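Residue numbers (my numbering), protein chains in the order written: chain A, 22 to 105; chain B, 898 to 1173.
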């Protein structure tokens, strides 16, 4: 079975979603989701694991940006200005 | 609209001219009028408002009575004529817009291609003339985006096939691999059958694929390798080609199956209108 099979793909996606759900409920603490991580890594090819990890990081960043929780370089430079 | 303003000024100028001629002829006829009467305009010009009434014999000489009734009738006639011209104008604008949409694809996108199908049959763009094509570029080892877009393409195919009887030309969805090293015809065949039995999958040599991607302005690039595996970064767009082989429109990830299907049907309709 390889990625070209629909069943393989769907299994991979399912385990990926389970892992992500665990991270959601545990505030991104990877130590608490090691079992899910293992299942995810065995169900998907390494390139896909890397791809989905990057996607997750990007999605979280986008969400934080939208909520204004991200400290960008510009914000840092403003904060560093000497206060009167 | 310029037609209307021209018409308006023409009409009003002839109208005023007519009035002036009539009133001056009336004035010259009436010997009893004082010379201090102001030059008339259509609103005031009733025979009954003249200070010295004309005798009935003189009245009968003025054949064209300018009363409120005749003025309102003429204005109504003018308004309805203008309204009709406006309606014709709008229809012309609408038709022009429809033709424009049909011809928007005269951009430098698209061109000849020569590849092999998932059934190992050599094929070129000419073999697809007379059909509407929706082409998606992807690869079988794609993690998430290609499966999503191919599901969408399958849905579009189903929606359009339901309306098949109304269409003059058939609709053909096409998947083209941008990973010719790995995507053999067998692999492509195995991949696309899970989405729709109506898909045609195309693959070929690297040169053949690169040639088609050049014509279609499709960006694709092999990513970093992990072992033997890699992900191909590529443009996520579906290209619509009309039965003449010309590029007409493109659809990105922001449009869902229903939106794309209705857009395609609009193009089909416009194409039918301009190719009667």
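Glycine included, each C-beta is placed from N, C-alpha and C at the ideal position. Since the model is a prediction, treat every value here as computed from it, not as a measurement.
Using beta carbons (cut-off 7 Å, strictly below), is residue 1037 of chain B in contact with chain A? Residue 1037 of chain B counts as touching chain A.
For a test of the three-state rule: what should DSSP assign to residue 1080 of chain B, helix, strand or coil? It is coil, neither helix nor strand.
Span separating the alpha-carbon of residue 1133 of chain B from that of residue 977 of chain B: In a straight line, the C-alpha of residue 1133 of chain B is about 53 Å away from that of residue 977 of chain B.
Check the Cβ-Cβ distances between residue 68 of chain A and every residue of chain B, and say whether any is below 7 Å. Residue 68 of chain A counts as touching chain B.
Complete runs of the alpha helix (DSSP H) confined to the region 1040–1075 of chain B [at least 4 residues]: Taken in chain order, the unbroken stretches of alpha helix (DSSP H) that lie wholly in the region 1040–1075 of chain B and span 4 residues or more are 1042–1059.
Using a beta-carbon distance cut-off of less than 8 Å, what residues from the region 1084–1114 of chain B approach chain A? When CB distances to chain A are screened at a threshold of 8 Å, the residues of the region 1084–1114 of chain B falling below it are 1084, 1087, 1088, 1091, in chain order.
Please report the Cβ distance between residue 1136 of chain B and residue 1032 of chain B, rounded to the nearest whole angstrom; I am assuming they are in contact, meaning their Cβ atoms lie under 8 Å. Confirmed, about 5 Å.
Can you list, in chain order, the residues of the region 1118–1142 of chain B whose Cβ is nearer than 7 Å to any Cβ on chain C? The structure shown contains no chain C; the protein chains it does contain are A and B.
What are the boundary residues of the beta strand (DSSP E) that residue 1131 of chain B is part of? From DSSP, the beta strand (DSSP E) with residue 1131 of chain B extends over 1129–1131.
With which residues is residue 1035 of chain B paired in a DSSP beta bridge? Bridge partners of residue 1035 of chain B: B:1074.
Kindly say whether residue 1077 of chain B, judged by its beta-carbon, lies nearer than 7 Å to any beta-carbon of chain A. Not a single CB atom of chain A sits nearer than 7 Å to the CB of residue 1077 of chain B.
So which of B:1056, B:1112, B:1106 has the shortest CA-CA distance to residue 1095 of chain B? When only C-alpha atoms are compared, the closest one is B:1056.
To the nearest whole angstrom, what separates the beta carbons of residue 33 of chain A and residue 65 of chain A, a pair I think is in contact under 8 Å? Right, the Cβ-Cβ distance comes to about 4 Å (below 8 Å), so this counts as a contact.
Distance, residue 1051 of chain B Cα to residue 1097 of chain B Cα: One C-alpha to the other measures close to 12 Å.
Residue 1036 of chain B to residue 1059 of chain B, Cα distance in whole Å? Looking at the two C-alpha atoms, the distance is approximately 28 Å.
On the three-state DSSP scale, how would you describe residue 1143 of chain B? In the three-state reduction of the DSSP assignment, residue 1143 of chain B falls in the coil class, being assigned neither a helical nor a strand state.
Where residue 979 of chain B sits in the DSSP three-state scheme: Note: residue 979 of chain B maps to helix in three-state DSSP.
So residue 1117 of chain B is in the beta strand (DSSP E); what residue range does that whole segment cover? Looking at the DSSP string, the run of the beta strand (DSSP E) that includes residue 1117 of chain B is 1117–1119.
Which of helix, strand or coil does DSSP assign to residue 1104 of chain B? In the structure shown, residue 1104 of chain B sits in a helix (DSSP, three-state: H, G or I).
So residue 1136 of chain B is in the beta strand (DSSP E); what residue range does that whole segment cover? Start and end: 1135–1138.
What is the DSSP secondary structure of residue 1149 of chain B, counted as helix, strand or coil? Coil at residue 1149 of chain B, not helix or strand.
I'd like the list of long-range same chain contacts for residue 69 of chain A, defined as Cβ closer than 7 Å, with 5 residues on each side in sequence excluded. Apart from sequence neighbours up to five positions away, the residues of its chain that approach residue 69 of chain A with a beta-carbon distance below 7 Å are 33, ordered along the chain.
Give the range of the beta strand (DSSP E) segment to which residue 1019 of chain B is assigned. Residues 1019–1021.
So what does DSSP say about residue 1093 of chain B, is it helix, strand or coil? Coil at residue 1093 of chain B, not helix or strand.
At a CB-CB cut-off below 7 Å, which residues of chain B make contact with residue 57 of chain A? Simply none; closest approach about 18 Å.
Report back the beta-carbon spacing between residue 1028 of chain B and residue 1140 of chain B to the nearest angstrom; my notes put them in contact at under 8 Å. Indeed they touch by this definition, with Cβ atoms about 6 Å apart.
Suppose you measure from the CA of residue 1106 of chain B to the CA of residue 36 of chain A; what does that come to, to the nearest Å? Distance from the CA of residue 1106 of chain B to the CA of residue 36 of chain A, rounded to the nearest whole angstrom, comes to 34 Å.
So is residue 72 of chain A in contact with chain B if we call contact Cβ pairs under 7 Å? Chain B contact via Cβ: present.
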